[in-house]
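Let me begin by presenting the structure, written as structure tokens, before commenting on it.
Residue numbers (my numbering): 2 to 270.
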């Protein structure tokens, strides 16, 4: 268990700090590889949807049915699944529109000269975007941590999927902050801090939940995690993949992500 805990923290940290990769790409590349991002975001969505619906949901159900019986356990699983969706949906509603993390930003936007006058509206937008992404990353951190703790073979692909989708979020923070301030350091710092929320979520999950973790509580959390990941895939990843897409790469990415996850699960049998 101790080894799994450190692995869970490590994977969550890796996933969260991928926002910094997006920030670095914004500074050191000239164009956005939209083909790669479209496929990669679709791939992440495919991994998350498949593993949530095929593996995590049913592991949660098995745990709850074993503790509560077939009828009550099944009902609690479904309620927890949609409860996870409700939580992440409420977080979306509470985020100010100025900080919408779903807005696509490209590396090309960095070619614009930073304003000599500090552009307060862009600074505000970039700051809100960083805050919004941090809030989003918090439950994602709990999801990655919990999945890895239960089964490291599940946690690794989930962490990679979350990391891929954090890369364009890093760009979304860096572009407006840099354009408003002219400071790459400040842009990178905010991008980096927004990703730190992911391991912070893992630490809080560990401190608050681990002392009380029973099979029933685990089942409820795991079903909620499945709901959170499906919601993020449908609300964030697939729409973002489509916005970067000019052909059908995003849907090919979704199918590829599902196929890779399916084969991975079969190889674990």
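All C-beta atoms, glycine included, are put in the ideal place defined by N, C-alpha and C.
- The three-state reading of DSSP puts residue 152 in coil, since its state is none of H, G, I, E or B.
- Secondary structure at residue 254: helix, using DSSP grouped into helix, strand and coil.
- Taken atom to atom, the span from the alpha-carbon of residue 214 to that of residue 225 is near 15 Å.
- Non-local beta-carbon contacts of residue 84 in its own chain, meaning distances under 6 Å to residues more than five positions away in sequence, involve 225 in chain order.
- Sequence-distant partners of residue 241 (beyond 5 residues in either direction) whose C-beta falls short of 6 Å from its own C-beta, in its chain, are 42.
- In this structure, residue 250 lies near residue 39, with their beta-carbon atoms less than 8 Å apart.
- The criterion of a C-beta distance shorter than 8 Å is satisfied by residue 153 and residue 8.
- Rounded to whole angstroms, the separation of the alpha carbons of residue 77 and residue 178 is 44 Å.
- For residue 68, the enclosing alpha helix (DSSP H) stretches over residues 58-69.
- When DSSP states are grouped into helix, strand and coil, residue 269 belongs to the coil group.
- Three or more Cβ pairs closer than 8 Å define a contact, and the segment 195-213 meets that threshold against the segment 134-150.
- Ranked by how close their Cα comes to the Cα of residue 206, the residues 223, 193 and 35 have 223 in first place.
- Short of 8 Å from the beta carbon of residue 255, and not among the five residues preceding or following it, lie these beta carbons of its own chain, in chain order: 43, 44, 46, 47, 50, 239 and 242.
- Assignment of residue 166 by DSSP, reduced to helix, strand and coil, places it in the helix class.
- Of the candidates 217, 228, 11 and 168, 228 places its Cα closest to the Cα of residue 140.
- Annotated three-state conformation of residue 38 is helix, per DSSP.
- Here residue 252 has no same chain residue with a Cβ atom under 6 Å from its own Cβ, once five neighbours each way along the sequence are excluded.
- Taking the Cα positions, residue 190 is about 11 Å away from residue 25.
- Across the structure, residue 92 and residue 232 are spaced so that their CA atoms are roughly 12 Å apart.
- Rounded to the nearest whole angstrom, the C-alpha separation of residue 79 and residue 180 is 45 Å.
- Residue environment for residue 264: exposed (fewer than 16 other C-beta atoms within 10 angstroms of its C-beta).
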